[in-house]
Amino acid sequence: MDRQMLAAAYRGYIDCLNRQDWDNLGLFVHEDAHHNGVRVGLNGYRAMLEGDFRAIPDLSFNIALLVCEPPHVASRLCFDCTPVGSLFDLAVDGRRVRFDENVFYEYRDGRIYDVRSIIDKAAIAAQL
122 MDRQMLAAAY RGYIDCLNRQ DWDNLGLFVH EDAHHNGVRV GLNGYRAMLE
172 GDFRAIPDLS FNIALLVCEP PHVASRLCFD CTPVGSLFDL AVDGRRVRFD
222 ENVFYEYRDG RIYDVRSIID KAAIAAQL
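Written as structure tokens, this is what we have:
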């Protein structure tokens with residue numbers, strides 16, 4: 122994939138997440154997906170995302186920055202949400218928080234194979 126195709130694929134993935142279209146997640150995520158160095162597979166990746174939406178019912182992924190250098194994508198995602206309980210071991214309990222996530226992806230066979238995620242937990246803690 123070239124840069125434009127990679128950017129379009131990534132935007133499609135983000136749209137899939139925001140629609141919680143789990144049946145089509147495999148169009149965007151490789152069956153042997155890895156997250157932060159651990160093989161989780163497509164089913165584990167889906168379970169992780171479904172858990173995120175249970176913990177944060179108003180979760181929405183918003184792209185603030187997107188850089189594509191095939192086969193890699195770097196993205197800064199912004200969140201403005203109200204988690205229902207604890208989030209990243211912080212007692213948020215329904216309070217509105219804003220934070221960012223820096224994510225690096227590697228694509229294989231046209232789908233996300235490896236995800237490396239860093240969430241700004243300090244921003245959440247500062248708001249509590």
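Residue numbers (our numbering): 122 to 249. Beta carbons: idealized from backbone N, C-alpha and C, even for Gly.
Check for me: the alpha helix (DSSP H) holding residue i runs from which residue to which?
i, result
"PHE174", "162 to 176"
"ASN145", "Per DSSP, ASN145 belongs to no alpha helix (DSSP H) and is neither H nor E."
Classify residue i as helix, strand or coil using the three-state DSSP reduction.
i, result
"ASP201", "strand"
"ASN157", "coil"
"ASP230", "coil"
Between which two residues does the beta strand (DSSP E) harbouring residue i extend?
i, result
"ASN183", "183 to 190"
Taking a contact to mean a Cβ-Cβ separation below 8 Å, would you say residue i touches residue j in this structure?
i, j, result
"VAL205", "TYR226", "no"
"VAL224", "ILE245", "no"
"ARG175", "ALA185", "no"
What number of angstroms, rounded off, separates the C-alpha of residue i from the C-alpha of residue j?
i, j, result
"ILE177", "TYR234", "25 Å"
"ARG232", "TYR131", "9 Å"
"GLY172", "MET126", "29 Å"
Inter-stretch contact (C-beta, 8 Å, three-pair minimum) for the stretch 188 to 202 and the stretch 161 to 175 = no
request  = Take every Cβ of the stretch 233 to 240, pair it with every Cβ of the stretch 151 to 160, and state whether three or more of those distances are shorter than 8 Å.
outcome  = yes
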